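**Q**
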Amino acid sequence: MVDISEDELKILKLQLSRLKLETRLRKDLGSELDRQKTIAVNAENLAKQRGDEIEEISRKLAKYLPEQLYKSIFSGETDVGVKSKRKFLTIFFSDIVSFTQISENMKADLLTEMLNLYLTEMTELVLEHEGTLDKYIGDSIMVFFGDPRTSGKNLDALKCLEMAISMQKRMAVLGVDFVKKYDISDPLKIRIGINSGFCTVGNFGNEKRLDYTVMGRSVNLASRLETAAKPSSILISESTYELVKGDIDLDDAGFFELKGIHNKVKTYEVMP
Amino acid sequence: MKYTGNCLCGNVTFQFPYDPMMQFQCHCTVCQKVFGTSLNAIALPEDELSHEGELDVFSISGGSGKKLHYYFCPQCSIIVYNKPDVLDGMIYLPAGLLADQIEFSPTVELWTKSKAKWLPQAGSIKASFEDNGTVERLVELLENLDQRET
Ligand SMILES: [Zn+2]
Ligand SMILES: [Zn+2]
Numbered sequence: 007m008v009d010i011s012e013d014e015l016k017i018l019k020l021q022l023s024r025l026k027l028e029t030r031l032r033k034d035l036g037s038e039l040d041r042q043k044t045i046a047v048n049a050e051n052l053a054k055q056r057g058d059e060i061e062e063i064s065r066k067l068a069k070y071l072p073e074q075l076y077k078s079i080f081s082g083e084t085d086v087g088v089k090s091k092r093k094f095l096t097i098f099f100s101d102i103v104s105f106t107q108i109s110e111n112m113k114a115d116l117l118t119e120m121l122n123l124y125l126t127e128m129t130e131l132v133l134e135h136e137g138t139l140d141k142y143i144g145d146s147i148m149v150f151f152g153d154p155r156t157s158g159k160n161l162d163a164l165k166c167l168e169m170a171i172s173m174q175k176r177m178a179v180l181g182v183d184f185v186k187k188y189d190i191s192d193p194l195k196i197r198i199g200i201n202s203g204f205c206t207v208g209n210f211g212n213e214k215r216l217d218y219t220v221m222g223r224s225v226n227l228a229s230r231l232e233t234a235a236k237p238s239s240i241l242i243s244e245s246t247y248e249l250v251k252g253d254i255d256l257d258d259a260g261f262f263e264l265k266g267i268h269n270k271v272k273t274y275e276v277m278p
Numbered sequence: 004m005k006y007t008g009n010c011l012c013g014n015v016t017f018q019f020p021y022d023p024m025m026q027f028q029c030h031c032t033v034c035q036k037v038f039g040t041s042l043n044a045i046a047l048p049e050d051e052l053s054h055e056g057e058l059d060v061f062s063i064s065g066g067s068g069k070k071l072h073y074y075f076c077p078q079c080s081i082i083v084y085n086k087p088d089v090l091d092g093m094i095y096l097p098a099g100l101l102a103d104q105i106e107f108s109p110t111v112e113l114w115t116k117s118k119a120k121w122l123p124q125a126g127s128i129k130a131s132f133e134d135n136g137t138v139e140r141l142v143e144l145l146e147n148l149d150q151r152e153t
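Chains as they are written, first to last, in the numbering used here: chain A, 7 to 278; chain B, 4 to 153.
(1) When burial is assigned at 16 or more other CB atoms within 10 Å of the CB, is Q74 (chain A) buried or exposed?
(2) Helix, strand or coil for Y21 (chain B)? Go by DSSP, reduced to three states.
(3) With K272 (chain A) as the anchor, note down where its beta strand (DSSP E) starts and where it stops.
(4) State the Cα-Cα distance for the pair L31 (chain A) and K69 (chain B), rounded to the nearest angstrom.
(5) Using only the heavy atoms of ligand 1, determine whether one of them is closer than 7 Å to the beta carbon of I128 (chain B).
(6) In three-state terms, what does DSSP make of G99 (chain B)?
(7) I need the straight-line Cα distance from K19 (chain A) to G92 (chain B), nearest angstrom please.
(8) Which bits of chain A does V142 (chain B) rub up against, with CB to CB less than 8 Å?
(9) Below 7 Å, is the gap between the Cβ of W114 (chain B) and the nearest heavy atom of ligand 2?
(10) Measuring straight from C-alpha to C-alpha, what distance separates C166 (chain A) and I196 (chain A)?
(11) From the DSSP output, in three-state form, read off G36 (chain A) for me.
(12) What residues sit near ligand 1, counting only those whose C-beta is closer than 7 Å to one of its heavy atoms, in chain order?
(13) Taking C-beta pairs closer than 8 Å, name the residues in chain B that Q107 (chain A) reaches, listed in chain order.
(14) Quick check: is the beta carbon of G136 (chain B) nearer than 8 Å to any beta carbon in chain A?
(15) Does any CB atom of chain B fall closer than 8 Å to the CB of S23 (chain A)?
(16) Between V111 (chain B) and ligand 2, is there a pair consisting of the residue's CB and a ligand heavy atom that are separated by less than 7 Å?
(17) What does the shell around ligand 2 hold, if a residue joins when its beta-carbon is under 5 Å from any heavy atom?
(18) Taking only three categories from DSSP, how would you classify Q107 (chain A)?
(19) Please check if any C-beta of chain B sits within less than 8 Å of the C-beta of L39 (chain A).
(20) Which residues in chain E have a C-beta closer than 8 Å to the C-beta of E146 (chain B)? List them in chain order.
(21) Name the DSSP bridge partner or partners of P48 (chain B)?
(22) Could you spell out the range, first to last residue, of the beta strand (DSSP E) harbouring E248 (chain A)?
(23) Using only CA atoms, which one of B:E112, B:R140, B:L148 lies nearest to L122 (chain B)?
(24) By the DSSP assignment, the alpha helix (DSSP H) with F184 (chain A) in it spans what residues?
(25) Using the beta-carbon count (16 or more within 10 Å), is I240 (chain A) buried or exposed?
(26) List the DSSP bridge partners of Q28 (chain B).
(27) Per DSSP, what kind of secondary structure is K69 (chain A) in: helix, strand or coil?
(28) If you measure between the beta carbons of M221 (chain A) and V142 (chain B), is that distance less than 8 Å?
(29) Which two residues bound the contiguous beta strand (DSSP E) that contains T138 (chain A)?
(30) In chain B, which residues lie with their C-beta within 8 Å of the C-beta of E263 (chain A)?
(31) Taking contact to mean 3 or more Cβ pairs, one atom from each stretch, closer than 8 Å, check whether the segment 69-84 of chain B and the segment 268-276 of chain A are in contact.
(32) With a threshold of 6 Å on Cβ separation, who are the neighbours of M148 (chain A) within its own chain once the five nearest residues in sequence on each side are excluded?
(33) State the Cα-Cα distance for the pair T110 (chain B) and D22 (chain B), rounded to the nearest angstrom.
(34) DSSP beta-bridge partners for F151 (chain A)?
(35) Say whether chain B places a C-beta atom closer than 8 Å to the C-beta of L95 (chain A).
Laid out in structure tokens, this is it:
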């Protein structure tokens, strides 16, 4: 008979009740995601009816989205039944500087064409660096590394940074091309924010189309860093820095006070 | 036991051993009816609360379409806790029941679109949701669960 102290028994009981609670919360999250999915599908149908052009491109490009996931699902790596899990990821956000002003001064068909070209070019770089494209939100792009496949924390973060650098390099050329081609006043620039940390990965797809989404504080921080980044730069958090510092040249960018995030965040910058 | 409390008449007493997992405000119209203005509450795992004395239950359908259950003392009518089916596993306990044991500092507020206009925002709020913010709250709870000392 195994001897177990009262303290050990207490800890085991605690762990058990923690696990039980976690299971219940994950179930809750699953059913809430399903409910919102239904609302989102309805909203998408409505947008379709209105023929919103930007929505239209996003949808066309959406066929690229699950490529990575598609492969892993069909080789049985991901259990489609699992609605959410915790994963260590590196999360990437980008958007076009002053996009609202640019779009106000452009004809709709030209804007659509430019955005389409831009998103296609960027998507190619995402796939090339094996990132998982989470979503497009208008002109912004969200990508993560570490799920469904991971090469380890460090390599995931490194791949993300290499992708970000190649995007900025591509934009240095493309942004100038766009000035002539679409008659805009200044070269098109993007800014990028990157953070690494544990996230909740939710899967609320169906058999036709897989929808992955990542949530949590780490994701919010990546998005805030993007907003705080200077044009043509990449702003990363300390946790991403720790994973890539030996491999990439980074400048200390000081502490940032970011809206909605309590503590100051130490940041680093890459100016490709 | 770390926290203890009771209803007005004293027929119901309760206790729980750990710090709450979330402190929040709900400004929805139902809470305004039930609690006067907004609900100021703490969230804790259902399994961590124990109580003595009989409680009655009254259930309504919430905004999510799922049920919300109010557990109250049948004698003095004080609501001791709510249990939302949409966050199965958790319960909400009005912060006033712990008046002198906890310095209430809500970090999340819900249903700000129906919040009373005269009510200022608490300084401790980190996230405001126009609606019930259920997904974000669940993610937050799951992250808190990871950081919880046991
Ligand atoms: Zn009572
Ligand atoms: Zn309410």
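All residues carry an ideal CB built from backbone N, CA and C; glycine is no exception.
It should be emphasised that the depicted structure is a prediction, and the values quoted were computed from it without experimental measurement.
**A** Let me spell this out:
(1) With a pLDDT of 49 at Q74 (chain A), under the threshold of 50, the modelled position of this residue cannot be trusted; read the value that follows with caution. So Q74 (chain A) ends up on the buried side.
(2) coil
(3) 271-276
(4) 15 Å
(5) no
(6) helix
(7) 17 Å
(8) L35, T206, M221, G222
(9) yes
(10) 16 Å
(11) helix
(12) B:C10, B:L11, B:C12, B:G13, B:N14, B:V15, B:C76, B:Q78, B:C79, B:I81
(13) Chain B residues near Q107 (chain A): none, gap ~27 Å exceeds 8 Å.
(14) no
(15) yes
(16) no
(17) B:C29, B:C31, B:C34
(18) helix
(19) yes
(20) This model lacks chain E altogether; the protein chains it does include are A and B.
(21) B:M93
(22) Taken as a continuous stretch (DSSP letters only), E248 (chain A) belongs to no beta strand (DSSP E), being part of the alpha helix (DSSP H) at 244-250.
(23) B:E112
(24) 159-188
(25) buried
(26) B:N43, B:E112
(27) Because K69 (chain A) sits at a pLDDT of 47, beneath the cut-off of 50, its placement in the model cannot be relied upon, and the following sentence gives the value as read from the coordinates. Of the three classes helix, strand and coil, the one that applies to K69 (chain A) here is helix, per DSSP.
(28) yes
(29) 138-143
(30) Under the 8 Å cutoff, chain B gives no residues; its nearest Cβ is about 13 Å from E263 (chain A).
(31) no
(32) F99, D140, K141
(33) 15 Å
(34) A:T96
(35) no
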